[in-house]
Amino acid sequence: MIVPRTGQRAVPRDGHRVHHFGDLSLRWRILLSQLPLTVSAVLVTLAVLLIDPHLATGSPHLLGGLAGILALTVAAAAVPWQRFPPIAYWVIPLADFVAIAPFWAAARYALDGMSMLVAFPVFWLAWSGIRPVLGITLGVLGSAAVTWWPYLTGGAPFPDATADSNLGRPVIVPVLTLALAIAASVLTRSMDRQSGELQASLDYAATQNRMLHTVVETSEVGILVVDRDGHDVLMNQAQRRMHFIGVPSGMDDGAEADLHLFESDGTTPVPPAERPVRRALQGESFRGEIYAIGIDGSQQHMSVSAAPMVDERGEFDGTVVIFQNVTDLIGAIRAREQFVAEVTHEFRTPLTSIIGYLDLALEAERDPAVGRYLTTSVRNAERLLTLVTNLLDARASTSAITVQDVDLARLARYSLDSAAVHAQRGGVDVVSRLPDQLEVLADPVKLGQVIDNLLSNAIKYTPRGGTVTVSLRRVPAGESDEGKDWAEVRIQDTGIGMTDQERADLFTNYYRAEHVRQAAIPGTGLGLAISQGFVRQHGGDITVTSQRRVGSTFTVRIPVDGRGEEHHC
Ligand code: ADP
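Going by the working numbering, the sequence shown opens with residue 1428, and the numbers climb by one from there.
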């Protein structure tokens, strides 16, 4: 049942992999944190060279600061940071402040917004998440030192008349960086918490996954999951064992179409298009279908169920197929059937003989008391015979029918003759409305049993003084919808009748109406179910109309020319 095992899916279907900053090595992370400042410093230098070349060449501060930043970038890449405690790399952002200070002092008049260069190390310190408060404090102190540097070194008068903002810049920059540092730190913490939660969910999913794996592998039931392209996604041990029973000898691993797979009879091969996995892959869902896998002594029976999986858009995304080994169960059922068949058969012959001799004794007996005993014995023996016959018929109801030309009128007359004594004893009048002849293509034994059954029911369920009418007619094609001629047997009684609810359950195995049980009228509740099976095998059906305490009418209809696919004898 298996399709080639090519597509074990380990990565997402589109093959996409996402790299996170956190997955990189420490050295790369430090270098990448430093690079924005380096790139900005290079761009600033180029801009200053364009705007005011003299500034760049006239003062050593600008190029000196740039050289410091570049040196720190090289250090970020070169130092083996993993050998030191994590906080060690703070050396780089802290030293960045020292390099930015002269750089900023030199270029602040030429380029507006230069002060924001300090944002890079501040951000980095706050972002690192190592010691949030210390990081923020150092960042703010660093930025303040950079902005105040020109005044502290006496390089500029305070307040700065040449700068547009007077007091603004030296005060505002540290305040802004404080806000920035706090924002960055809060963001990092919330991201840390989120990634912690994510990790917890991933751990939970992994535990669930391991548990599921153990359950699936321990299961005695074969489990197969196939994706929508027909690739096995999962096949547990039980299923592998089952699969290999069906692999033809000389083959390592078979696709489903190659396996020895049969119907429940163990001999009729299942065509590839009708095999369970193939059907399941077309989105079919089914339950408890019985198949046989393998040949000869190793053949096993399995019950197969399948259900499609759908993706989030509701489209077919593969299927789950479950295989249950039911070999022992099937063996037990067969043994029971065999036993019932043999026992019932062995019972019938002696019972028929007992009834025959009891009847003879009844006829010869003159003593009314003994006569009563004998009548009771006959009734009980007949009851036993009906039971045994019905049990046997229950098995026969699944066997094929064998049709021949049958005169239905004659068949009905036989049944009427056999039921006459029964009717007489029960004080029921039997009226027959039969044509001389009505030829049909049918199984005489099974159809005879159907009429016997319905007639004996009608007599049994009709109180003394009632009437049973048996009529037979041919229904021409014109009168029915199906466009063929039908034969119709109608058995009508004026008996106890039934409610609509009782009528609905009538053809169920072992069903008997409650009041019938209570009245202790003998029966098994199998007769009608068996009769319906027989009639349906002929391509016909039994219908019932009934009214409680008024009577019932059972109508059997079969096609006159048979259903066209029977065995002829
Ligand atoms: P059994 O007669 O052995 O009980 P059947 O399968 O022949 O089993 O009938 C099932 C039930 O249907 C009966 O127990 C009875 O309740 C009801 N039934 C069948 N035929 C009639 C009828 N002619 N009139 C009223 N009830 C009937």
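Just so it is clear, CB atoms sit at the ideal spot from N, CA and C, and this is done for glycine as well.
Legend entry - Exposure label - isoleucine 1527; buried when at least 16 CB within 10 Å: Within the sequence shown, the letter at position 100 stands for residue 1527. It counts as buried.
Inset, instruction - Out of Val1598, Glu1792, Ile1720, Ser1842, point me to the one whose CA is closest to valine 1731's CA. - result: If you number the sequence shown from 1, residue 1731 lands on position 304. It is Ile1720 whose Cα lies nearest to the Cα of valine 1731.
Legend entry - As assigned by DSSP and simplified to three states, the class of histidine 1965: Position 538 of the sequence shown, counting from 1, holds the residue named residue 1965. Here histidine 1965 sits in coil by DSSP.
Legend entry - Simplified DSSP assignment, three categories, for glutamine 1928: Here residue 1928 refers to the residue found at position 501 when the sequence shown is read from its first residue. DSSP places glutamine 1928 in helix when its eight states are reduced to three.
Legend entry - Continuous alpha helix (DSSP H) stretch holding methionine 1669: start and end: As a first step, residue 1669 is located in the sequence shown; it is residue number 242 there, counting from the start. 1664-1673 is the extent of the alpha helix (DSSP H) around methionine 1669.
Legend entry - Inter-stretch contact (C-beta, 8 Å, three-pair minimum) for the stretch 1741-1761 and the stretch 1698-1718: yes
Inset, instruction - Starting from the Cα of valine 1943, find the closest Cα among Thr1889, Trp1554, Trp1508 and give me that residue. - result: Here residue 1943 refers to the residue found at position 516 of the sequence shown. Comparing Cα positions, the closest option is Thr1889.
Inset, instruction - Within the stretch 1591-1625, note down every full beta strand (DSSP E) run reaching 3 residues or more, in order along the chain. - result: Here no run is fully enclosed.
Legend entry - Distance between beta carbons of leucine 1708 and valine 1653, contact taken as under 8 Å: Counting from one through the sequence shown, the residue named residue 1653 turns up at place 226. Counting from one through the sequence shown, the residue named residue 1708 turns up at place 281. That pair is a contact at about 6 Å.
Inset, instruction - Take isoleucine 1886 as the anchor and find which of Phe1981, Thr1803, Gln1945, Ala1606 has the nearest alpha-carbon. - result: What you label residue 1886 is simply residue 459 of the sequence shown in a count that begins at 1. Of Phe1981, Thr1803, Gln1945, Ala1606, the residue nearest in Cα terms is Phe1981.
Legend entry - Presumed contact (8 Å Cβ cut-off) between isoleucine 1514 and arginine 1558, rounded CB distance: Working through the sequence shown from its first residue, we reach residue 1514 at position 87. Working through the sequence shown from its first residue, we reach residue 1558 at position 131. Isoleucine 1514 to arginine 1558, Cβ: 7 Å. Contact.
Inset, instruction - Measure the alpha-carbon distance for arginine 1444 versus alanine 1534 and round it to whole angstroms. - result: The sequence position of residue 1444 within the sequence shown is 17, counting from 1. The sequence position of residue 1534 within the sequence shown is 107, counting from 1. In this prediction, arginine 1444 has a pLDDT of 48, which is less than 50 and means its spatial position is unreliable; what the coordinates show is noted afterwards. Cα to Cα, the separation comes out at about 44 Å.
Inset, instruction - Using 7 Å as the cut-off, classify the Cβ of valine 1877 as near or not near the heavy atoms of the ligand ADP, replying yes or no. - result: Within the sequence shown, residue 1877 is the residue found at index 450, counting from 1. False, no ligand heavy atom lies under 7 Å from that Cβ.
Inset, instruction - Measuring alpha carbon to alpha carbon, tell me which of Arg1939, Ala1914, Thr1935 ends up nearest glycine 1924. - result: As a working note, residue 1924 is residue 497 in the sequence shown. Comparing Cα-Cα distances from glycine 1924 to each of Arg1939, Ala1914, Thr1935, the minimum goes to Arg1939.
Legend entry - Exposure of glycine 1495, with buried meaning 16 or more beta-carbon neighbours within 10 Å: Translated into the one-based positions of the sequence shown, residue 1495 becomes position 68. Label assigned to glycine 1495: buried.
Legend entry - Sheet register partners of threonine 1746 (DSSP bridge): To locate residue 1746, count along the sequence shown from 1; it is residue 319. Note: threonine 1746 is bridge-paired with Val1653, Pro1735 in the DSSP secondary-structure output.
Legend entry - Neighbour-count burial assignment, arginine 1984, 16 or more Cβ in a 10 Å radius: Residue 1984 sits at position 557 when you count from the first residue of the sequence shown. Buried.
Inset, instruction - Just grab the DSSP bridge partners of methionine 1729 for me. - result: Taking the sequence shown and counting its residues from 1, the one referred to as residue 1729 is at position 302. BP columns for methionine 1729 point to Tyr1718, Asn1752.
Legend entry - Secondary structure of phenylalanine 1774, DSSP reduced to three states: Reading the sequence shown from its first residue, position 347 is the one you call residue 1774. Looking at phenylalanine 1774 - three-state DSSP - the assignment turns out to be helix.
Legend entry - Local Cβ density within 10 Å of arginine 1637, reported as buried at 16 or more and exposed below that: Translated into the one-based positions of the sequence shown, residue 1637 becomes position 210. Label assigned to arginine 1637: exposed.
Legend entry - the stretch 1491-1507 in contact with the stretch 1463-1471 per 3-pair CB rule at 8 Å: yes
Legend entry - aspartate 1834: first and last residue of the uninterrupted beta strand (DSSP E) it sits in: Numbered from 1 along the sequence shown, position 407 holds the residue referred to as residue 1834. Residues 1829-1834.
Inset, instruction - Please indicate yes or no: does the CB of alanine 1940 lie closer than 7 Å to some heavy atom of the ligand ADP? - result: Taking the first residue of the sequence shown as 1, we reach residue 1940 at position 513. Yes, the ligand ADP has a heavy atom inside 7 Å of this Cβ.
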